[in-house]
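Everything below concerns the one structure shown next.
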Amino acid sequence: MRNIRFNSMRNEGVESLASVDRRQFMKFGLAITGVFLGGSVLSITSAANAYGAPFNEPVRPAQFPYSPHYTMVIQQNNCIDCELCLEACRNINGVPIYGSRTSILELSIPSAQGQQARSFMPILCNQCNEPHCVRVCPTGATYKETSNGIVLMNQQKCIGCKTCMAACPYNARYFKEEDRAIDKCNFCFDTKLKTSGGKATACSAACPAKVRVFGDLTDPNTPAYKLIHTPGNEFWVLRPEAGTLPNIFYMNKAEADA
Amino acid sequence: MNIYTKTTNLPLPSMNQILVFIVLALICGIGLSFGLHTMIVGHHHTFGTTREVPWGLLITPYVFFACLATGLCIISTLGQVFGLTTFKPLVTRTVFLAIVAMAAGLMCITLELESPWRVVFYAWFSPQPFSNIWWKTAIYSCSLVLMICNFMMLLTRRHKAAKGFALVAFLLLTAGNLNMNSDMGLLGERGFWSDNYMPIYFLSLSIMTGCAAILLLNWLAYKFNNDSSNAEHDRAYHATAKLFLVLLLGLAYFSIVKIMGGYFPRFAKNPEAMALLVKGDFALNFWIGEICLTVLLPITLYFLAKGKKLAVLALAGLSCLIGTFVLYYDLVIVGQLVPHFHQYHVVDLPQYYAYTPSLHEIMISVGSIFFFLTAFIFGEMLFKKIFAN
Numbered sequence: 000m001r002n003i004r005f006n007s008m009r010n011e012g013v014e015s016l017a018s019v020d021r022r023q024f025m026k027f028g029l030a031i032t033g034v035f036l037g038g039s040v041l042s043i044t045s046a047a048n049a050y051g052a053p054f055n056e057p058v059r060p061a062q063f064p065y066s067p068h069y070t071m072v073i074q075q076n077n078c079i080d081c082e083l084c085l086e087a088c089r090n091i092n093g094v095p096i097y098g099s100r101t102s103i104l105e106l107s108i109p110s111a112q113g114q115q116a117r118s119f120m121p122i123l124c125n126q127c128n129e130p131h132c133v134r135v136c137p138t139g140a141t142y143k144e145t146s147n148g149i150v151l152m153n154q155q156k157c158i159g160c161k162t163c164m165a166a167c168p169y170n171a172r173y174f175k176e177e178d179r180a181i182d183k184c185n186f187c188f189d190t191k192l193k194t195s196g197g198k199a200t201a202c203s204a205a206c207p208a209k210v211r212v213f214g215d216l217t218d219p220n221t222p223a224y225k226l227i228h229t230p231g232n233e234f235w236v237l238r239p240e241a242g243t244l245p246n247i248f249y250m251n252k253a254e255a256d257a
Numbered sequence: 000m001n002i003y004t005k006t007t008n009l010p011l012p013s014m015n016q017i018l019v020f021i022v023l024a025l026i027c028g029i030g031l032s033f034g035l036h037t038m039i040v041g042h043h044h045t046f047g048t049t050r051e052v053p054w055g056l057l058i059t060p061y062v063f064f065a066c067l068a069t070g071l072c073i074i075s076t077l078g079q080v081f082g083l084t085t086f087k088p089l090v091t092r093t094v095f096l097a098i099v100a101m102a103a104g105l106m107c108i109t110l111e112l113e114s115p116w117r118v119v120f121y122a123w124f125s126p127q128p129f130s131n132i133w134w135k136t137a138i139y140s141c142s143l144v145l146m147i148c149n150f151m152m153l154l155t156r157r158h159k160a161a162k163g164f165a166l167v168a169f170l171l172l173t174a175g176n177l178n179m180n181s182d183m184g185l186l187g188e189r190g191f192w193s194d195n196y197m198p199i200y201f202l203s204l205s206i207m208t209g210c211a212a213i214l215l216l217n218w219l220a221y222k223f224n225n226d227s228s229n230a231e232h233d234r235a236y237h238a239t240a241k242l243f244l245v246l247l248l249g250l251a252y253f254s255i256v257k258i259m260g261g262y263f264p265r266f267a268k269n270p271e272a273m274a275l276l277v278k279g280d281f282a283l284n285f286w287i288g289e290i291c292l293t294v295l296l297p298i299t300l301y302f303l304a305k306g307k308k309l310a311v312l313a314l315a316g317l318s319c320l321i322g323t324f325v326l327y328y329d330l331v332i333v334g335q336l337v338p339h340f341h342q343y344h345v346v347d348l349p350q351y352y353a354y355t356p357s358l359h360e361i362m363i364s365v366g367s368i369f370f371f372l373t374a375f376i377f378g379e380m381l382f383k384k385i386f387a388n
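Those protein sequences? They're chains Z and B, same order as listed. Read in numbering that gives the first Met the number 0, the first sequence has 92 at position 93, and its numbers run on one by one without any break. Read in numbering that gives the first Met the number 0, the second sequence has 359 at position 360, and its numbers run on one by one without any break.
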């Protein structure tokens with residue numbers, strides 16, 4: 000029998016897998032480890048009696064470092080690129096025309112049948128639990144808010160070295176000339192989030208297709224919490240290899256519900 | 000007072016020397032005026048950097064001069080701290096050059112910042128101890144002060160105190176240099192930096208550029224002062240040239256590793272960036288700058304000079320310094336050019352981001368290089384007798 004040396008095999012990543020295979024892979028990964036590709040699913044798996052497959056060990060109950068712990072679920076296949084979210088973000092947060100706090104990427108993914116599957120992928124700051132931008136900032140101008148986990152900016156302290164821009168794996172930052180400082184998505188911390196009582200951001204409120212579902216991981220009544228805890232829903236995070244533990248989760252809504 | 004007496008006893012510079020100084024200072028001033036303009040109107044209007052490529056050309060002279068200062072400081076400690084008598088004749092000029100190089104580097108990074116005036120307050124009162132950038136800037140600023148103290152002690156012949164300052168500066172700068180890898184390696188999880196620019200590589204490069212600068216600038220100093228070296232100085236240059244050769248051979252090994260990363264993706268964590276460097280748009284920079292000018296030509300010239308002829312060794316030094324500048328440029332830029340979401344099948348996403356330095360960036364870089372040269376000439380005019388002894 001031929002010996003297979005698993006240790007020497009190269010990880011090809013999930014990007015090259017066909018979508019069907021990828022879904023199966025995700026289920027497999029979730030079932031076995033309870034952790035999906037570096038984005039900790041432990042934080043979205045609160046079922047205390049869930050069991051990991053290989054060792055029959057109970058998965059630990061959810062541990063939330065923040066309360067509220069704001070998150071956003073992106074129902075990617077609902078997005079039609081209407082850009083109302085971008086417009087709302089600009090208007091409410093005073094984002095200049097040359098910059099953006101959020102964007103929408105158009106994807107063309109090779110499908111298993113040799114065809115291209117088109118979809119739109121909204122991008123914003125992932126409010127990471129291990130944010131590289133915070134780690135590299137020399138003056139603490141960007142920081143993780145201890146009460147709710149949002150990565151915020153203190154523009155007064157920003158020296159404009161742009162190291163945070165270079166460090167962000169999600170290209171989620173830009174330099175705002177008017178403030179002579181970096182600007183980024185802060186879940187509308189000082190605007191819409193405040194006026195809505197912590198219920199919505201500008202983009203989530205403006206989205207007609209319920210692509211951007213905002214919520215609190217510690218509050219079972221928020222839509223995001225419900226989506227995350229719906230059995231059968233599969234999630235992924237962007238660039239898990241960066242090890243940033245994002246708080247933006249992506250999913251595709253089942254076709255029957257979409 | 001002692002320094003004043005010593006410097007005022009020195010012979011006055013000739014008119015030609017003053018003319019050279021004025022020309023260099025003028026070019027420096029023109030370059031730095033572009034920096035002032037940028038500071039007023041903002042990078043948005045004057046720099047070629049973008050959201051995707053936020054670090055541009057100006058990081059290159061900063062890294063270059065900071066590493067050069069580190070290398071010069073390390074070589075100066077060989078004579079004044081570690082007691083290698085062969086290197087002792089080089090100490091005073093080398094410490095002076097290290098000060099000037101560090102000043103040029105810090106000036107360049109100051110002009111690279113969008114809001115440098117905030118550094119003065121917030122670097123002191125809101126430090127972020129986990130930031131490599133903060134540590135690096137703090138270390139380099141402290142070491143600049145220490146090297147100035149070291150130089151003053153050397154001028155006043157207080158060698159014991161000078162040795163103390165030199166030792167602390169050496170330890171700080173070595174730490175700062177090793178920090179460079181973590182600083183770059185963390186950025187954007189771009190394997191290019193953490194994979195290929197390990198701490199020992201940075202340290203070797205720094206000492207190598209230090210050797211190159213000593214060989215070039217001492218020869219220039221002799222030409223400028225219409226002077227010639229003595230036997231002790233000659234021995235010091237030959238020793239420096241030997242160290243230079245050893246480090247060049249070490250760098251040749253690192254270059255081979257890079258070439259393998261470019262042609263065989265399994266050797267690199269970020270094969271797209273390595274391919275861009277070795278066989279893509281940056282191939283000319285890599286093969287001409289990093290391989291020919293940095294490694295091959297200096298090694299060839301060393302053997303042609305048989306390690307002895309100062310003029311040829313100076314040419315080897317110049318070639319190496321130009322090549323290393325290109326190497327640092329590649330280091331800063333190539334790592335940023337692989338798109339963030341290149342694995343996500345994004346429509347219309349370029350294979351690589353683009354970056355071209357603007358006129359302002361080029362002129363500020365020229366300004367910082369000429370600042371270094373102006374200060375070097377100024378030092379020769381003021382301290383040439385002390386350097387010679």
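Note that beta-carbon positions come from the ideal geometry of N, C-alpha and C, so glycine has one too.
For this session: Spatial neighbours of B/Leu372 within its chain, please: CB distance less than 7 Å, with the 5 preceding and 5 following residues excluded, ordered by chain position.
Result: Sequence-distant partners of B/Leu372 (beyond 5 residues in either direction) whose C-beta falls short of 7 Å from its own C-beta, in its chain, are Leu23.
For this session: Could you tell me how far apart the beta carbons of B/Leu247 and B/Val294 are, in whole angstroms, since I believe they sit closer than 8 Å?
Result: 6 Å
Problem set entry | Residue from B/Asn225, B/Ser114, B/Pro60 whose Cα sits closest to the Cα of Z/Arg179 | B/Ser114
Exercise. In three-state DSSP terms, what is Z/Glu289?
Worked result: Outside the displayed range of chain Z (0 to 257) lies residue 289 of chain Z, so it cannot be described from this structure.
Exercise. If the cut is a Cβ gap below 8 Å, which residues of chain B does Z/Phe174 touch?
Worked result: Chain B residues near Z/Phe174: His42, His43, Arg50, Pro53, Glu113.
Exercise. What separation, rounded to the nearest whole angstrom, lies between the Cα atoms of B/Ala122 and B/His339?
Worked result: Their backbone Cα atoms lie some 30 Å apart in a straight line.
Problem set entry | For B/Tyr236 and B/Leu219, the rounded distance between their alpha carbons | Straight-line measurement puts the Cα of B/Tyr236 at about 13 Å from the Cα of B/Leu219.
Exercise. B/Trp424 and Z/Ala165: beta carbons closer than 7 Å?
Worked result: It is not possible to answer for residue 424 of chain B, since the shown part of chain B is limited to 0 through 388.
Exercise. What is the DSSP secondary structure of B/Phe46, counted as helix, strand or coil?
Worked result: coil
Problem set entry | Nearest-angstrom beta carbon gap, B/Leu154 and B/Ile385 [assumed within contact, 8 Å] | 6 Å
For this session: Can you tell me which of the three DSSP states Z/Thr70 falls into?
Result: strand
Exercise. From B/Cys27, B/Phe81, B/Ser142, B/Ser203, pick the residue whose C-alpha is nearest to that of B/Lys159; which is it?
Worked result: Of B/Cys27, B/Phe81, B/Ser142, B/Ser203, the residue nearest in Cα terms is B/Phe81.
For this session: Go ahead and label B/His359 buried or exposed: buried means 16 or more other beta carbons lie within 10 angstroms of its beta carbon, across all protein chains shown.
Result: buried
Exercise. Which chain C residues sit within Cβ distance under 9 Å of Z/Ser102?
Worked result: The structure shown contains no chain C; its protein chains are Z and B.
Exercise. Are B/Leu312 and B/Leu214 touching if we call contact CB-CB under 7 Å?
Worked result: yes
For this session: Rank Z/Leu104, Z/Gln114, Z/Tyr69 by C-alpha distance to the C-alpha of Z/Cys78 and give the top, closest one.
Result: Z/Leu104
Problem set entry | Within chain B, partners of Z/Glu105 - CB distance below 8 Å | Proximity of chain B to Z/Glu105 at the Cβ level (cut-off 8 Å) is accounted for by Val345, Val346, Asp347, in chain order.
Problem set entry | Through-space distance from Z/Gly242 to B/Arg265, alpha-carbon basis | Between the C-alpha atoms of B/Arg265 and Z/Gly242 there is a straight-line separation of about 22 Å.
Exercise. Contact between the region 255-263 of chain B and the region 322-339 of chain B: three or more CB pairs below 8 Å?
Worked result: At 8 Å Cβ cutoff, the stretches do not touch.
For this session: Using a Cβ-Cβ cut-off of 7 Å, state whether Z/Asn246 counts as contacting chain B.
Result: No, Z/Asn246 does not count as interfacial toward chain B.
Exercise. Does the beta carbon of Z/Ile158 come closer than 7 Å to any beta carbon on chain B?
Worked result: Taking Cβ atoms only, chain B reaches closer than 7 Å to Z/Ile158, which makes this a yes.
For this session: Find the residues of chain Z that neighbour B/Thr136, judging by a C-beta separation of less than 8 Å, and give them in chain order.
Result: Pro137
Exercise. Mind pulling the chain B residues with CB within less than 8 Å of Z/Tyr169?
Worked result: His339
Exercise. Hey, B/Cys27 and B/Phe370: beta-carbon distance below 7 Å or not?
Worked result: yes
For this session: Report the residues of the region 214-247 of chain Z with a CB closer than 9 Å to any CB of chain B, ordered along the chain.
Result: Leu237, Arg238, Glu240, Ala241, Gly242, Thr243
Exercise. Which residue or residues does DSSP assign as beta-bridge partners of Z/Ile122?
Worked result: According to DSSP, Z/Ile122 bridges with Z/Ser102.
Exercise. Hey, quick one: how far does the alpha helix (DSSP H) through B/Ala230 stretch, first residue to last?
Worked result: 230-262
Exercise. Do you know how far the Cα of B/Val62 is from the Cα of B/Phe46?
Worked result: 18 Å
Problem set entry | Sequence ranges, beta strand (DSSP E) only - wholly within the region 17-85 of chain B, length at least 3 | none
Exercise. Do you know how far the Cα of Z/Phe119 is from the Cα of Z/Asn76?
Worked result: 7 Å
Exercise. Along the chain, where does the beta strand (DSSP E) that runs through Z/Arg172 open and close?
Worked result: 172-175
Problem set entry | Residue range of the unbroken beta strand (DSSP E) whose run includes B/Tyr351 | B/Tyr351 -> no beta strand (DSSP E), and no H or E assigned at all.
Exercise. Given that Z/Arg89 touches chain B, what residues does it touch there, using C-beta distances under 9 Å?
Worked result: Residues of chain B passing the Cβ test: none, with the nearest at roughly 16 Å.
Problem set entry | B/Ile376 - DSSP class collapsed to helix/strand/coil | helix
Problem set entry | B/Phe46 Cβ short of 6 Å to the ligand SAM heavy atom set | Judged by which ligands are present, the structure shown has none, so any question about the ligand SAM falls away.
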